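My numbering numbers the first residue of the sequence shown as 7 and each following residue consecutively.
Working notes, structure below.
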Amino acid sequence: MAKKEQYDASSIHVLEGLEAVRMRPGMYIGSTSRKGLNHLIYEIVDNAVDEHLAGYCRNIWVTLEKDGSCTVTDDGRGVPVDIHEKGMPAERLVYTTLHAGGKFDNDAYKTSGGLHGVGSSVVNALSTWMDVIIKRGGAIYHDHFKRGVPDLELMDGHLPILGKTKETGTTVNFLPDPEIFDVTRFSATEVKSRLHETAYLNPALTIVFRDFRKEEAEEITFRESEGIIGFVRDINKNEETLTDPIYLSGEDEGIEVQIAIQYVDEFHENVMGYCNNIFNADGGTHLTGFKTAFTQVMNSYARELGVLKDKDANFTGPDIRNGMTAVVSIKHPDPRFEGQTKTKLDNPDASRVVAKVVADEAPHYFDRNLETLKKVLECAEKSAKIRKSTEKVKNNLLTKQKFSFDTNGKLANCISRDASQCEIFIVEGDSAGGSAKTARDRRYQAILPIRGKILNVEKASIDKVLANNEIKTMITAFGCGFSEGYGNDFDITKLRYDKIIIMADADVDGAHIGTLLLTLFYRYMPELINEGHVYVAMPPLYKVIPAKGEGVYLYDDKALEQYRKRHRDKKFTLQRYKGLGEMDPEQLWETTLNPETRRLRRIEISNPSYSSDITDVLMGTDVPPRKAFIYEHARDAELDV
Ligand code: 2B7
C-alpha cells in the first residue's frame with residue numbers, strides 16, 4: 007500500500023513536468039516548426055551518442071517509418087531497468103521526468119552537451135505515443151507511453167519482459183504529436199545531414215539511416231573514420247581547394263582538442279566550433295582561442311619567411327582566415343554556455359587550451375608542410391590587399407550612414423524610431439514599391455523598393471558587393487553594418503527594424519529575388535537570420551468572391567482545389583494575382599502588410615554546416631551540383647507555414 011501511494015505521488019510530479027513541456031514546447035526544443043520536429047530525432051540520437059562516448063555503443067540505426075514515426079536503436083548497454091528509489095523502473099524515470107539527467111550523472115556521461123539526458127522525456131511528452139525496448143541482462147524489456155504518460159502495467163513494479171536475448175541495447179520508436187507540431191513529416195535531407203555530421207565528429211561510430219516512407223526504401227551508412235578531416239573535405243567538396251586539410255590535435259587540463267583546416271578559393275571564412283559534439287552556432291571561447299593563436303603563428307611565419315617586412319603591419323585575423331574552412335571540436339568535462347540560445351561556449355579554459363594546442367602543434371605541422379604554409383600566406387597577402395582597397399569604400403559607407411537616415415535612396419522610412427516596433431519591406435520593382443508606400447502604416451512600416459535582381463553575392467568578390475547600390479542602400483537602412491572576412495563590423499544592437507520582410511511576387515522570378523536577398527543576408531549579415539529577423543511575405547495567389555459573403559484569399563493551388571471541392575455547387579468569381587504590382591493599395595495592405603491578416607514565413611537555419619554548403623550549391627558558380635540538387639529535391643518541395 008505504502009508503495010502504491012509513493013508511486014502516485016511521483017506520477018503526479020511526472021504529469022506536471024510533461025504538462026510544462028507540452029505547454030511550452032518551444033522552450034525545450036526551440037520551435038514547433040520542422041526544425042523542432044527534426045530536433046526530436048537528434049535528442050534521442052544524442053543519448054545513443056553519449057552511450058558511444060561512454061565507450062559502449064558502436065552502431066546506431068535511425069529509421070523513418072512508413073507510419074510517420076521514427077525508430078532509433080543502439081547497441082549500448084541498454085537503459086537500466088532496475089527499480090529506482092521512487093518505486094518505478096529507472097527507465098520510466100528517464101522517459102518521464104525532466105531531471106532524470108542529474109540522477110544518472112556519472113563519469114560515463116560527463117561529456118554530454120544538449121539537454122543532458124532530459125531530452126528523452128521531452129521527446130516522449132511531445133509524442134502521440136512512444137515505444138521503448140531494452141535488451142539488458144539477458145532479457146528484452148518493454149515499455150509504452152501515450153503523450154508522455156506510461157501506458158503499460160508494471161508486474162510487481164518491474165517492466166514486462168518480452169523474451170530472452172544475449173544482445174544489449176536500447177530501441178526507441180516515437181510518433182510526433184500533430185497537436186504540438188506545425189508539420190509532422192521529418193525532413194530526410196536534414197536528418198541525413200545531421201547524422202552525417204555526427205558520424206564525422208565520432209569516427210569510431212557507425213550510423214545507419216533508413217527511410218521506409220518512400221516506395222523505394224532508402225538506406226545509407228555513415229561511417230567517417232577520417233573524422234573532422236573528412237568533414238572539412240566534405241564541406242569543401244564543391245569548391246576549388248588550395249590546400250590539403252591541416253590537422254592539429256592535443257589535450258590539456260582534461261580538455262581534448264581537434265582541429266581540421268582547409269583553404270579554398272573563396273571570399274569568406276567558415277569556422278565552426280563544436281563542444282562535446284554539439285555545434286555552437288555563436289562560436290565561443292574555443293574559437294577565440296583558435297583564431298588568436300593561429301593569427302599569431304601565421305604572422306611569425308610571415309616575418310620569418312619575409313612575406314612581411316619590418317615596416318609592414320601584421321596580417322589581421324580575418325586576412326589569415328579568408329578562404330578558410332575549419333572545424334574546431336573540443337571535448338570538455340564541464341561545458342558552460344552563454345546567452346539565451348545557449349549556442350556560445352563560455353569556458354575560459356577552452357580558449358587557453360585550444361590556443362596552446364595551436365601554438366604547439368601548428369609549427370610542427372607547417373615545418374613539415376612548407377607548400378601548405380606558403381599557400382596560406384599567399385591567401386593572407388591577397389586578402390590584405392583587397393582589405394586595404396575596400397577600407398575606403400567602407401569608410402564612405404559608414405560616414406554616409408550617419409547623415410542619411412531618412413534620405414537614403416528610395417527608402418520610405420517609418421516615423422517610429424523604436425526598433426522593436428519597426429518593419430522594413432524590401433519590395434521588388436518600382437510599381438509594387440509605389441503601391442506599398444501608399445498602403446503601409448507609415449508609423450512603423452518602412453518600404454525599400456529595389457530594382458530587379460540584386461547582385462548574386464556568392465559569385466562576387468567583396469569589393470563588387472560593396473560597390474553595388476542596392477546592397478549599399480540595404481546595409482545603410484538596416485543600420486548595423488556587415489560582417490565578412492575582413493573585419494567584423496556587424497552590430498546587431500544597431501538594427502533599426504525588428505522585422506526585415508522580403509516582398510516579392512509569388513512566381514519564379516520572385517523566388518529568385520528572394521534567394522538572392524537571403525544569400526546576401528546569410529553571407530554578410532548572418533545574425534539577422536540567426537536571431538530571427540528575416541521574413542518572407544507570402545502574398546496570396548487568388549481571391550475568391552462568392553455571390554454571397556466575404557471574399558477569401560487563397561495562397562496556393564492546393565487551397566484553391568480544396569475551396570472548389572468544398573463549394574462545389576456555389577457560384578464565385580475568381581481573381582488571380584499575377585504580381586504584387588497588380589494589387590491596389592487596399593488589397594496590398596490586407597494581403598501582405600497588415601499584421602492581422604498577412605502571412606509571413608520566418609527564415610531559419612536548420613543545419614548550419616549544411617546551409618553554407620547548400621548556399622554554395624544553389625548560388626555558386628558551379629552548375630552541375632545545382633542541377634543535381636534540383637532534380638533530387640523537386641519531389642520534396644513543401645511549404646512551411
Ligand atoms: C541520462 C540518461 C538518459 N542511459 C543509461 C545507460 C545506457 C543508456 C542510457 C541509452 C537512444 C535510442 C535508442 C548507464 C542515460 C540513460 O543510463 S540512454 N543508453 N541509449 C539511448 O538512449 N539511445 C547505462 C550505465 C550502465 N548501464 C547503462
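Ideal Cβ placement from N, Cα and C applies to all residues, glycine included.
Values in this document were obtained by computation on a predicted structure and should not be read as measured data.
(message) Just checking ASP88 against ligand 1 - is the residue's beta carbon closer than 7 angstroms to any of the ligand's heavy atoms?
(response) no
(message) The alpha helix (DSSP H) that contains MET4, what's its start and end?
(response) It is not possible to answer for residue 4, since the shown part of the chain is limited to 7 through 647.
(message) Quick check: is any heavy atom of ligand 1 less than 7 angstroms from the C-beta of ARG64?
(response) no
(request) Report yes or no: do the stretch 208 to 217 and the stretch 285 to 301 share at least 3 C-beta pairs separated by less than 8 angstroms? (result) no
(request) Starting from the Cα of THR134, find the closest Cα among HIS150, GLY143, VAL124 and give me that residue. (result) HIS150
(request) Would you mind reading off the limits of the beta strand (DSSP E) that contains GLY256? (result) 252 to 258
(message) Can you tell me where the alpha helix (DSSP H) holding PHE527 begins and where it ends?
(response) 514 to 530
(request) Check whether the stretch 198 to 206 touches the stretch 82 to 98, taking contact to mean three or more Cβ pairs, one atom from each stretch, closer than 8 angstroms. (result) no
(request) Return yes when the Cβ of PHE484 is within less than 8 angstroms of the Cβ of ILE506, no when it is not. (result) yes
(message) On a Cα-Cα basis, can you pick out the residue from ILE186, LYS465, THR579, ILE421 that is closest to ARG30?
(response) ILE186
(request) Note down the Cα distance separating LEU46 from ILE609, rounded to an integer number of angstroms. (result) 20 angstroms
(request) Measure the alpha-carbon distance for ILE167 versus HIS148 and round it to whole angstroms. (result) 6 angstroms
(message) Using a Cβ-based criterion (distance less than 7 angstroms to any ligand heavy atom), does GLY143 qualify as near ligand 1?
(response) no
(message) The alpha helix (DSSP H) that contains SER306, what's its start and end?
(response) 291 to 310
(message) Measuring only from the beta carbon, is ASN328 closer than 7 angstroms to any heavy atom that is part of ligand 1?
(response) no
(request) Indicate whether ARG393 and CYS420 have their beta-carbon atoms separated by less than 8 angstroms. (result) no
(request) Tell me whether LYS85 counts as near ligand 1, meaning its Cβ is closer than 7 angstroms to at least one heavy atom of that ligand. (result) Checking the displayed sequence, the identity of residue 85 turns out to be Val instead of Lys. Checking every heavy atom of ligand 1 against the Cβ of VAL85, one is found closer than 7 angstroms.
(message) Under 8 angstroms, Cβ to Cβ, is there at least one residue of chain C near ALA445?
(response) Chain labels in this structure do not include chain C; a single protein chain is all it has.
(message) Does the distance between the C-beta of GLY74 and the nearest non-hydrogen atom of ligand 1 fall short of 7 angstroms?
(response) no
(request) Check the C-beta distance from GLU429 over to ASP497 and give it rounded, since I have them as a contact under 8 angstroms. (result) No, GLU429 and ASP497 are not in contact; Cβ-Cβ is about 20 angstroms, not under 8 angstroms.
(message) Considering just the uninterrupted stretch of the alpha helix (DSSP H) at ARG374, what are its terminal residues?
(response) 354 to 374
(request) Kindly indicate the opening and closing residues of the alpha helix (DSSP H) around GLN568. (result) 563 to 572
(message) Quick check on TYR206: does DSSP put it in helix, strand or coil?
(response) helix
(request) Flag this pair as touching only if the stretch 266 to 277 and the stretch 248 to 255 have three or more C-beta atom pairs under 8 angstroms; answer yes or no. (result) yes
(request) Grab me the residues of GLY32's own chain with a C-beta within less than 8 angstroms of its C-beta, minus the 5 sequence neighbours each way, in chain order. (result) THR38, GLY42
(message) Tell me which residues share the same chain as CYS63 and place their Cβ nearer than 7 angstroms to its Cβ, disregarding the 5 neighbours each side in the sequence.
(response) ALA54, GLU57, ASP80, ASP81, GLY82
(request) Report yes if the CB atom of ASP469 is closer than 8 angstroms to the CB atom of THR396, and no otherwise. (result) yes
(message) Tell me which residue opens and which closes the beta strand (DSSP E) that LEU560 is part of.
(response) 558 to 560
(request) Ignore the nearest five residues each way along the sequence and tell me which others in GLU224's own chain have a CB closer than 8 angstroms to its CB. (result) ALA194, PHE215, ARG216, ASP217
(message) LEU580 and VAL558 - do their beta-carbons sit closer together than 8 angstroms?
(response) no
(request) Rounded to whole angstroms, what's the CA-CA distance from ASP52 to ARG28? Just pull it up for me. (result) 21 angstroms
(request) Grab me the residues of THR227's own chain with a C-beta within less than 7 angstroms of its C-beta, minus the 5 sequence neighbours each way, in chain order. (result) THR212, VAL214
(message) Using only CA atoms, which one of ASN44, TYR48, GLY23 lies nearest to TYR101?
(response) GLY23
(message) Does the distance between the C-beta of GLY82 and the nearest non-hydrogen atom of ligand 1 fall short of 7 angstroms?
(response) yes
(request) Identify the continuous beta strand (DSSP E) that holds LEU59 and give its terminal residues. (result) First-last for LEU59: 40 to 59, but that is the alpha helix (DSSP H), not the beta strand (DSSP E).
(request) Using three-state DSSP, classify PRO455 as helix, strand or coil. (result) strand
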